[in-house]
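In the numbering used here, the protein residues as written are 2 to 225.
This is the structure:
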């Protein structure tokens with residue numbers, strides 16, 4: 002039976018191959034291990050295999066896991082990649098290092114107000130509904146520039162870039178569109194460096210189109 006460590010090795014091999022094909026240095030892509038629904042012990046196993054960045058979809062589950070792994074807190078970067086409601090912003094601002102799912106200015110303003118002064122600025126990405134799916138969260142592409150400039154002005158946040166969950170089976174077009182949007186924002190003077198796109202099934206496509214962070218759960222931890 003495949004272990005988490007051997008799965009990580011395989012995923013890292015896929016990333017290296019995809020980077021080579023795209024003529025990109027392998028260090029230009031960060032692997033985010035998506036540990037939602039898996040136990041703190043599974044995270045500990047991935048940590049022992051060298052992983053340091055972990056993504057959680059559900060706020061309370063993430064908070065519980067951060068507490069259970071408090072002994073590793075200084076070495077782990079915790080990313081919230083799932084939806085965030087207004088009533089959960091304080092606990093997220095106090096405990097997470099990154100939030101990938103900012104889609105409204107109100108949420109960003111609350112995170113900014115509630116980020117403790119002793120912590121570094123909260124790293125954030127705007128979630129873009131790049132495929133225009135009715136069922137998906139995220140800001141419409143046309144509304145991204147205004148939101149990006151407003152969020153970038155908040156002192157306790159650091160806007161890093163854009164995140165999307167492209168519709169499966171749509172090829173590379175959504176990934177390309179997200180990269181074009183990031184390039185546009187960079188051209189408007191925003192110092193952005195992160196394209197959070199690509200998961201277990203499409204990480205090669207995402208890397209070919211410029212992803213700097215791929216969010217992989219199933220290929221590391223197994224089926225949920």
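Even glycine gets a Cβ: it sits at the ideal position worked out from N, Cα and C.
If contacts are defined as beta-carbon pairs under 8 Å, then residue i and residue j qualify, I think. What distance do you get, rounded to the angstrom?
i	j	result
residue 158	residue 125	5 Å
residue 128	residue 136	Not confirmed; about 14 Å, so no contact.
residue 50	residue 6	4 Å
residue 186	residue 212	Not really, about 16 Å apart at Cβ, beyond 8 Å.
residue 82	residue 60	Not confirmed; about 11 Å, so no contact.
residue 140	residue 104	5 Å
Taking the Cβ atom as the reference point for each residue, do residue i and residue j lie within a distance shorter than 8 Å?
i	j	result
residue 33	residue 96	no
residue 132	residue 171	yes
residue 30	residue 221	no
residue 155	residue 192	no
residue 216	residue 63	no
residue 100	residue 85	yes
residue 53	residue 77	yes
residue 174	residue 198	no
residue 148	residue 106	yes
When the Cα of residue i is compared with those of the options, which residue comes out closest?
i	options	result
residue 44	22, 31, 30, 69	69
residue 161	168, 169, 91, 150	150
residue 1	98, 23, 47	Look at the range of the chain in this structure, 2 to 225, and you will see that residue 1 is not part of it.
residue 48	9, 58, 212, 26	9
residue 183	174, 173, 194	194
residue 24	140, 210, 224, 225	210
residue 152	87, 111, 198, 14	111
residue 36	89, 20, 26, 58	58
residue 142	122, 18, 163	163
residue 130	102, 123, 225	102
Going by DSSP, what residues sit across from residue i in a beta bridge?
i	result
residue 78	54
residue 85	For residue 85, which the question treats as bridged, DSSP gives no partner whatsoever.
residue 31	214
residue 124	99, 159
residue 197	164, 214
Does the beta-carbon of residue i have 16 or more other beta-carbons within 10 angstroms, so that it is buried, or is it exposed?
i	result
residue 167	buried
residue 176	buried
residue 40	exposed
residue 205	buried
residue 113	buried
residue 223	exposed
residue 14	exposed
Counting contacts by CB-CB distance shorter than 8 Å, is residue i in contact with chain B?
i	result
residue 82	In the displayed structure, chain B is absent; only one protein chain is listed.
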